[in-house]
Structures are given as C-alpha cells and as structure tokens.
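Participant:
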Amino acid sequence: MLLSLGVIGPYLMQTTNSSPPLSTEDCEKLYATLPMVTNSFIKGRNTHITIARLSSWVRSSQSGITCLLDFEKAYNNVSHEWLNWVMNTMGLE
Amino acid sequence: MESLHGCTAHLLVNYQFSLPIPIRSGVWQGDPLAPLLFNLTIQPLIDQLEAQGIKTQAHADDIALHLRTKQEAAKATISLKHYEASSGAKLNWEKSIQLPYQGEEDFSLPFKKNCCGERYLGVMLQSNGKTKFLPNTLENLYQNMVWWRRLWISLSGRMAIVSAYL
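In the order they appear, the protein sequences are chains G and R.
When we follow numbering that gives the first Met the number 0, the leftmost residue of the first sequence carries the number 0, and every step to the right adds one.
When we follow numbering that gives the first Met the number 0, the leftmost residue of the second sequence carries the number 0, and every step to the right adds one.
1) Beta-carbon of G/Asn87 versus every beta-carbon of chain R: anything under 9 angstroms?
2) Entirely within the stretch 112-156 of chain R and at least 3 residues each: give me those beta strand (DSSP E) ranges in chain order.
3) Distance check for R/Phe37 and R/Asp30, CA to CA, integer angstroms please.
4) What does a CB cutoff of less than 6 angstroms around R/Gln56 pick up in its chain, not counting 5 residues either side in sequence?
5) Residues of chain G with CB under 8 angstroms from R/Phe37, in chain order?
6) Check the Cβ of R/Ala8 against every Cβ in chain G and list those closer than 8 angstroms, keeping chain order.
7) Let me see if you follow: with CB-CB separation under 9 angstroms, is G/Gly90 close to chain R or not?
8) Figure out for me which residue from R/Thr7, R/Asp60, R/Trp146 has the closest Cα to the Cα of R/Lys89.
9) Counting along the chain, where does the beta strand (DSSP E) carrying G/Leu68 start and finish?
10) Could you give the distance in angstroms between the alpha-carbon of R/Tyr164 and the alpha-carbon of R/Asn113?
11) Go ahead and label R/His65 buried or exposed: buried means 16 or more other beta carbons lie within 10 angstroms of its beta carbon, across all protein chains shown.
12) Between R/Ile160 and R/Leu137, what straight-line distance do the alpha-carbon atoms span, to the nearest angstrom?
13) Strictly by DSSP, which residues pair up with R/Gln51?
14) Can you give me, in chain order, the residues of the stretch 98-129 of chain R that have a beta carbon less than 8 angstroms from any beta carbon in chain G?
15) Given this structure, state the Cα-to-Cα distance separating R/Ser85 from R/Leu154, to the nearest angstrom.
16) Can you find a CB in chain G that lies within less than 9 angstroms of the CB of R/Ile20?
17) Going by beta-carbon coordinates alone, are G/Leu82 and G/Thr65 separated by less than 9 angstroms?
18) Looking at R/Phe132 and R/Met123, is the spacing between their C-beta atoms short of 9 angstroms?
19) So, helix, strand or coil for R/Asp61, using DSSP?
20) Tell me, to the nearest whole angstrom, how far the beta carbon of G/Val57 is from that of R/Pro43; I am working on the premise that it is less than 8 angstroms.
If you want it as structure tokens, here you go:
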C-alpha cells in the first residue's frame with residue numbers, strides 16, 4: 000500500500016495541479032452533442048467538464064464574480080406540484 | 000408520484016413500535032430515480048438563467064454562476080427568488096459564496112464574500128479561475144489507509160470504505 004502510494008503520489012500531484020485534463024474545445028464539443036441539462040448522472044458528463052468549463056469562463060473573461068450556490072436539503076425540498084408541473088411540461092407523466 | 004408501493008413506516012413511541020403507517024408518495028431513500036427527478040426539477044432554473052445570458056454550470060444541486068455585470072447579478076437574484084418560491088427549494092443565502100475576480104467591484108449580491116478560494120466539486124476553485132488540488136489530500140488519505148488497514152473487516156467491507164471515501 001505504502002509503495003503504491005509512493006509511486007502514484009507524484010503523478011497525482013503533477014496532473015491535478017495543472018489545468019483539468021479536458022480542453023475547453025473538447026468541453027464545448029461535448030456540450031454541442033447533448034442538450035443543456037445538469038452535468039450529473041448523465042452519460043458523458045462528469046465533474047471534470049463542469050470545473051473545466053467554469054474555470055475557462057473565469058480565466059477568459061478576467062472579470063466578474065463567480066457564485067457557488069448552496070441549496071438547503073436540496074433533495075428533500077422539492078414540492079410535488081412543481082415536479083408534476085415540470086414533468087407534464089416536458090411531456091413525461 | 001406513485002413510485003412507492005407497499006412501503007410502511009413504524010414510529011418508536013415510548014420504546015414501543017406503533018402500527019405500520021403506509022407511505023403513499025415520494026421515492027425510497029437512495030432510490031436511483033431521485034437524482035434524475037432532481038435534475039428535471041432544476042432544469043427550468045438553468046434554462047431561465049441561460050436565456051438571460053448568464054453562464055451557468057450545475058452538478059445536481061451544486062450550481063455555479065459566472066456573473067459579469069451588475070445587471071446580470073440583479074437578474075440572477077430575481078430568478079433564484081422566483082425559483083425558490085415556485086419549487087419549494089431553499090437557497091442558503093448566507094452559506095452561498097461569491098468569488099470576485101481581483102479588483103472586481105461590488106455587485107451587491109446577498110452572498111458571503113470569499114476572496115481566496117472555495118471548495119467546489121472536490122477541488123479548490125480560486126478567484127482567478129484556476130483550480131488547485133485540495134491541501135493535505137494525500138496525507139489524509141495515507142493516514143486513513145493506515146487506519147483502515149488495522150480494521151478487522153472483509154475485503155468487500157474494505158472496498159465499501161474506500162469507495163465511500165473516494
């Protein structure tokens with residue numbers, strides 16, 4: 000265990016300290032193929048893309064404010080009327 | 000709304016179980032449908048923000064906005080308030096973070112200001128848009144591994160611990 004960590008450690012440091020592995024163009028290509036929805040639990044989407052996109056926006060605009068929102072008990076506070084309405088509007092029953 | 004069938008709950012009252020109470024709506028705890036339903040409910044918010052030209056990223060309930068002007072900030076605040084009122088979601092206005100780019104003026108947002116950086120989706124996001132490896136990650140992992148090694152558990156138990164941690 001110790002040995003393997005020793006081998007992987009420097010590599011991890013090296014890769015994660017630099018910019019995320021996907022380039023901005025790759026991200027945009029991926030987004031063009033899929034409709035705009037949240038990045039989670041969908042094939043082809045992961046946190047790398049989310050972070051790469053966000054950080055590319057900030058770095059390219061060199062201004063502005065980034066807001067990270069925090070929802071209180073997000074999964075528990077969804078009203079059923081709202082869910083019904085969204086699903087009906089999207090054509091799901 | 001009827002994904003639960005035959006689910007009952009018992010309440011523990013004065014150290015005695017009550018009669019079973021049928022639960023007729025909602026989804027099971029840990030149901031794989033839950034995140035997908037949540038994605039559906041958050042979609043209108045993201046659509047609205049994008050339609051107003053606000054750059055939005057969402058990973059389930061971890062939403063990040065990039066606001067460039069004061070007008071965008073005002074629009075985003077209104078959209079969020081509308082979403083809160085219509086969907087029942089509660090935004091933690093005090094715990095939400097704003098990361099201003101260096102020298103950026105105040106947009107009078109009702110969020111907590113943080114100038115150095117904030118943890119987002121497992122990395123440290125700095126105000127200049129660069130990401131940083133979280134400090135002490137490897138040291139903590141190594142200490143945890145030493146501790147787990149001493150635990151007297153099966154291989155599948157170890158796998159569960161490691162996957163839960165990662």
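Beta carbons are placed, not taken as given, at the ideal position from N, Cα and C, and that holds for glycine.
Facilitator: Let me lay it out:
1) no
2) 116-119, 122-125
3) Distance between the alpha carbons of R/Asp30 and R/Phe37 is about 12 angstroms.
4) Ala63
5) Ala73, Tyr74, Val77
6) Those within 8 angstroms of R/Ala8 in chain G number zero; the least Cβ separation is about 16 angstroms.
7) Cβ-Cβ to chain R under 9 angstroms: no for G/Gly90.
8) R/Asp60
9) 64-68
10) 27 angstroms
11) buried
12) 17 angstroms
13) Answer by DSSP bridge pairing: none, since R/Gln51 is not bridged.
14) Per Cβ criterion, the list reads Leu98, Pro99, Tyr100, Glu103, Phe106, Leu108, Phe110, Glu117, Tyr119, Leu120, Gly121, Val122, Leu124, Ser126, Asn127, Gly128, Lys129.
15) 47 angstroms
16) no
17) At least 9 angstroms separates the beta-carbon of G/Leu82 from that of G/Thr65.
18) yes
19) Three-state DSSP puts R/Asp61 in a strand.
20) Rounded to whole angstroms, the Cβ separation of G/Val57 and R/Pro43 is 25 angstroms, and the two are not in contact under 8 angstroms.
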